[in-house]
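Chains as they are written, first to last, in this note's numbering: chain A, 246 to 712; chain B, 246 to 712.
Cβ coordinates follow ideal geometry from the N, Cα and C atoms, glycine included.
Number of protein chains: 2
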Amino acid sequence: MSQTPDSAVRTYIEQHRAAFLDDLAEWLRIPSVSAQPDHAADVRRSADWLAAQLKKTGFPTAEVWQTPGAPAVFAEWPSDDPQAPTVLVYGHHDVQPAAREDGWDSEPFEPVVRGNRLHARGAADDKGQVLFHTLGVRAHLAATGRTTPAVHLKLLIEGEEESGSPHFRALVERHAERLAADAVIVSDTGMWSEDTPTVCTGMRGLAECEIRLYGPDQDIHSGSFGGAVPNPATAVARLVAALHDEHARVAIPGFYDGVIELSDRERELFAELPFDEGQWLRAAKSHATRGEAGYTTLERVWARPTAEVNGIGGGYQGPGSKTIVPSSAMVKLSFRLVAGQDPDHVEKAVRAWAEQQVPAGIRCEITFTGATRPCLTPLDHPALKSVARAMGRAFEKPVRFTREGGSGPAADLQDVLGAPVLFLGISVPSDGWHAPNEKVELDLLLKGVETTAYLWGDLAEHWRHAP
Amino acid sequence: MSQTPDSAVRTYIEQHRAAFLDDLAEWLRIPSVSAQPDHAADVRRSADWLAAQLKKTGFPTAEVWQTPGAPAVFAEWPSDDPQAPTVLVYGHHDVQPAAREDGWDSEPFEPVVRGNRLHARGAADDKGQVLFHTLGVRAHLAATGRTTPAVHLKLLIEGEEESGSPHFRALVERHAERLAADAVIVSDTGMWSEDTPTVCTGMRGLAECEIRLYGPDQDIHSGSFGGAVPNPATAVARLVAALHDEHARVAIPGFYDGVIELSDRERELFAELPFDEGQWLRAAKSHATRGEAGYTTLERVWARPTAEVNGIGGGYQGPGSKTIVPSSAMVKLSFRLVAGQDPDHVEKAVRAWAEQQVPAGIRCEITFTGATRPCLTPLDHPALKSVARAMGRAFEKPVRFTREGGSGPAADLQDVLGAPVLFLGISVPSDGWHAPNEKVELDLLLKGVETTAYLWGDLAEHWRHAP
């Protein structure tokens, strides 16, 4: 155990809790909705607010970084220990759209505390989880008597995450030197539940494409020609049907190339989580589970690659009927990728497979629209162990391990900076990200503060830089 | 051969040709577009014009029959021979929409003769082919010296064919007694080509349905849940893929029940037609043929039942991507049916098959939106032989036999009246039905007149009523 006295940290947090929540409420009042152009000024105001707040916290450097879209905020607080590792915290200061009439019980940009919950758009996703790093680093300093953090601490808080991070990778590439780090800590995720603190060890990657099939040069009469020419809507359906084999495995040759299989240890760890399939199905608003044979539901969404239809269309979709052979049809597919898979290799495999499926007389156009690499931190990585230890001290409970089924810009940081990505989040599934009445549990938020107050010291102690 | 002197018929037609074309032009100037509400008065005017014209022709009865939509015209001219068969001619007086800016070289409702062609909306579909019955019956009377036709002649000319004949079946049912006939002659089709006069012996039937599959209660995140719940877009694609087997035969159990297979004789007759696959493909605006193994293209479109996707849709179809598992997906299917198939039986077969395909967790809703029975006249039917003989005399060429791949309200007449349906049409594929610059070949139009001038005598001679 570290020598940092936990009680000193807790006392500091308790003393500064009210001011911290006031600051958070002030930030939450700025409707920094990146998807809505009429909020562009608010997003800029949010960046300015955060940069000022980080300066106030003590970061010697806190800058607003412009992009062709919304600005990001970068801050840096070097350690006085030159051998300390460098950690880059990632988060975002933009939020999803929200309006009272969407079903909010109060104004989404007028924070309100009900019981132990702070309700506002962005409370959990992601302003609360960004801001806990400010009080966290102050508590770390106060409890240790340090004047600089035990690690070289950097923050990069982007302003377009809720809009797909269109300029994020370019921003990271441009500033790669200033962003250089030994580890990236993403504070934009959650944990298993109120009772089960967890650390996420990876996210799936993503490759997305649209396949358009062209048959007749225009819609043609199904009576005059039907049954004697290839129908692109039928062809697109047969393509989709061929995506999976009878075990619900993706049937594209080469798709699984390089996949890092789940270790027995990780399967055990997943199995230890208090998983309730009925509850999961309710969250999924679905009526049955279905997926690759030989894997549990959690393994399927966290650790297995998938091929999913996001949209399909062709021909007449209006009311009533129209007896045509449609001229074209399309399908939008997304492939979730796991560690070891290369989006470029997957793209090649999909192209070769699709072109081979399409019957004579049908022309095939495939467009790949985006790719995100998977990321995975090995269970024995020293930084991961530090995060789990710090979290365990804060929550006074054993910490378990999860993964995320989704994909995020964190992968760009891993990619460009060559640093492992760790996830430190205290949000819980009931927080209602992107939904009305988004909230953050105040107890958990302060556990987040406390975790970071322990983390920097633990990291510096157990993971000396370049020995 | 009938004793009607062909030269007398030809002379009569030649003498009255100019007046006939003037009448046709007058009718074509009425824009009787049934699909456009602002032309409702024109459709009524067209019905009134036709009823008056039929009176002028000599029909003792010519009435406008109201429907909840556009009116039909009924006319009757009994024969003085009580044992003569009764023939009901079917056609329609409404037309497809047309506007100069669609690509017409002249005003669509201002008929113009260029060379041997009369251009106007409705010239071939169907006013020209309705009106040739007026000059035809006059020529028949003039050449035979009769004062009444050799058959009991009835006409039913509907006003909503181009709008899907929504009130036609009810109209026929209401007036079934007055419409009673031994045979129905449909003059709303065409022949193989200018050089190859043909008689159509059947049309395919039609059963249409929409299948909607419901998965999650709303679109859900493909990262959080993808790969572990059933996707309705995937399910709909798999359903469509299962429609056909590897021989492109419909794979729905029971679908082919009752199908009257093509006879060797009819396959020979089809094979005798001067079929050019390249030309057919150009008309189909398609780039390959594809269909049920063991059948030629003509056999596939004329004499084999099909399952065709008219539309498919589900999930996100806009620009870019959206990583969801969609909440629902749908497909619109149409089944062309051939003689011997029963639309109700097909509906039952499709429902049983679809419900059995759908995976657990997906709810299936099937709506059948319309059904038309197939019709087929046996090659040895005496009335069919009369039509072929009359056409052969007019065209001075052997007459061949075709079928139509499409489906039409003629089947309702066959159904309600219990009478065989015959097709007498002189339109050719180049006439441009529903397209800009629709035209009718004047020579062929007058061959149509001549055919009907011979037909009534031939029928009365070879097909005595109730012997």
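Contact with chain A by Q586 of chain B, beta-carbon distance below 8 angstroms: no
Note down, in chain order, all residues in the stretch 467-482 of chain B with a beta-carbon under 8 angstroms from any beta-carbon belonging to chain A. S467, G468, S469, F470, G471, G472, A473, V474, P475, N476, A478, T479, V481, A482
How many Å lie between G702 of chain B and H397 of chain B at the Cα? 11 angstroms
Provide the residue span of the alpha helix (DSSP H) that contains M448 of chain A, from first to last. M448 of chain A -> not in any alpha helix (DSSP H); beta strand (DSSP E) instead, spanning 443-448.
What three-state label does DSSP hand E355 of chain A in the structure shown? In the structure shown, E355 of chain A adopts coil according to DSSP, grouped into three states.
When you compare the stretch 401-419 of chain B with the stretch 308-319 of chain B, are there three or more beta-carbon pairs, one atom per stretch, that lie closer than 8 angstroms? yes
C-beta neighbour in chain D for D462 of chain A, strict 8 angstroms: The chain inventory of the structure shown lacks chain D, comprising the protein chains A and B.
Is A343 of chain B close to chain A? Criterion is C-beta to C-beta, closer than 8 angstroms. no
Taking only beta carbons into account, state which residues of the stretch 607-619 of chain B come closer than 8 angstroms to chain A, listed in chain order. From the stretch 607-619 of chain B, only I607, R608, T614, G615 have a Cβ closer than 8 angstroms to chain A.
Boundaries of the alpha helix (DSSP H) in which G563 of chain A is found, first to last residue: Where G563 of chain A is concerned, there is no enclosing alpha helix (DSSP H), given that its DSSP letter is neither H nor E.
Helix, strand or coil: which one does DSSP assign to L624 of chain A? DSSP places L624 of chain A in the coil class of the three-state scheme, outside both helix and strand.
Could you tell me which of A:T256, A:L269, A:Y257, A:S252 sits nearest to L687 of chain A, measuring between CA atoms? The candidate whose alpha carbon is nearest that of L687 of chain A is A:L269.
Of all Cβ atoms in chain A, is any one closer than 8 angstroms to the Cβ of S672 of chain B? no
For P276 of chain B, which of B:A263, B:A292, B:H261, B:P477 has the nearest alpha-carbon? Among B:A263, B:A292, B:H261, B:P477, the Cα nearest to that of P276 of chain B belongs to B:A292.
Do L299 of chain A and F220 of chain A have their beta-carbon atoms positioned less than 8 angstroms apart in this structure? Because chain A spans 246 through 712 in this model, residue 220 of chain A falls outside it and cannot be assessed.
Can you give me the C-alpha to C-alpha distance between A680 of chain B and V431 of chain B, rounded to a whole angstrom? 22 angstroms
Nearest chain A C-beta to A529 of chain B closer than 8 angstroms, yes or no? Taking Cβ atoms only, chain A reaches closer than 8 angstroms to A529 of chain B, which makes this a yes.
Rounded to a whole number of angstroms, what is the C-alpha to C-alpha distance between T331 of chain B and E308 of chain B? 18 angstroms
Three-state secondary structure (DSSP) at T697 of chain B? helix
Looking at the C-beta of M246 of chain B, does it have a partner C-beta in chain A at a distance below 8 angstroms? Confidence is the limiting factor: at M246 of chain B the pLDDT is only 43, short of 50, which leaves the residue's position unreliable, though a coordinate-based value still follows. Residue contact check for M246 of chain B against chain A: no CB pair falls below 8 angstroms.
Between which two residues does the beta strand (DSSP E) carrying F580 of chain B extend? 573-582
Taking 8 angstroms as the threshold (beta carbon to beta carbon), is G677 of chain A in contact with chain B? no
Does DSSP put E439 of chain A in a helix, in a strand, or in coil? coil
For I607 of chain B versus N555 of chain A, is the C-beta distance shorter than 8 angstroms? no
Chain A contacts from the stretch 550-565 of chain B (Cβ-Cβ distance under 7 angstroms): T551, E553, V554, N555, G556, I557, G558, G559, G560, Y561, Q562, G565
Alpha carbon to alpha carbon, how far is G585 of chain B from E506 of chain B? In a straight line, the C-alpha of G585 of chain B is about 9 angstroms away from that of E506 of chain B.
Residue range of the beta strand (DSSP E) that includes M649 of chain A: The sequence given here places Glu at residue 649 of chain A; Met does not occur at that position. E649 of chain A -> beta strand (DSSP E) spans 645-649.
Do A493 of chain A and E537 of chain A have their C-beta atoms closer together than 8 angstroms? yes
Against R600 of chain A, what residues of chain B qualify as contacts under a CB-to-CB distance less than 7 angstroms, listed in chain order? In the sequence as displayed, the identity of residue 600 of chain A is Glu instead of Arg. Chain B residues near E600 of chain A: none, gap ~15 angstroms exceeds 7 angstroms.
DSSP on R391 of chain B, reduced to helix/strand/coil? coil
Check the Cβ-Cβ distances between S715 of chain A and every residue of chain B, and say whether any is below 8 angstroms. Only positions 246 to 712 of chain A appear in this structure, which leaves residue 715 of chain A out of reach.
Closest residue to P342 of chain A among A:A705, A:H626, A:A365, A:A528 (Cα-Cα distance): A:A365
Are the beta-carbon atoms of G615 of chain A and L380 of chain A separated by less than 8 angstroms? No. Outside cutoff.
Within its chain, find whatever has a CB closer than 7 angstroms to the CB of L690 of chain B; leave out the 5 residues flanking it on each side and keep chain order. G373, F377, I671
Just to make sure I have the definition right: I need the residues of chain B whose C-beta is within less than 8 angstroms of the C-beta of E706 of chain A. Which are they? Correct list: empty, because the minimum Cβ distance to chain B is about 35 angstroms.
State the beta-bridge partners of F668 of chain B as determined by DSSP. B:V431
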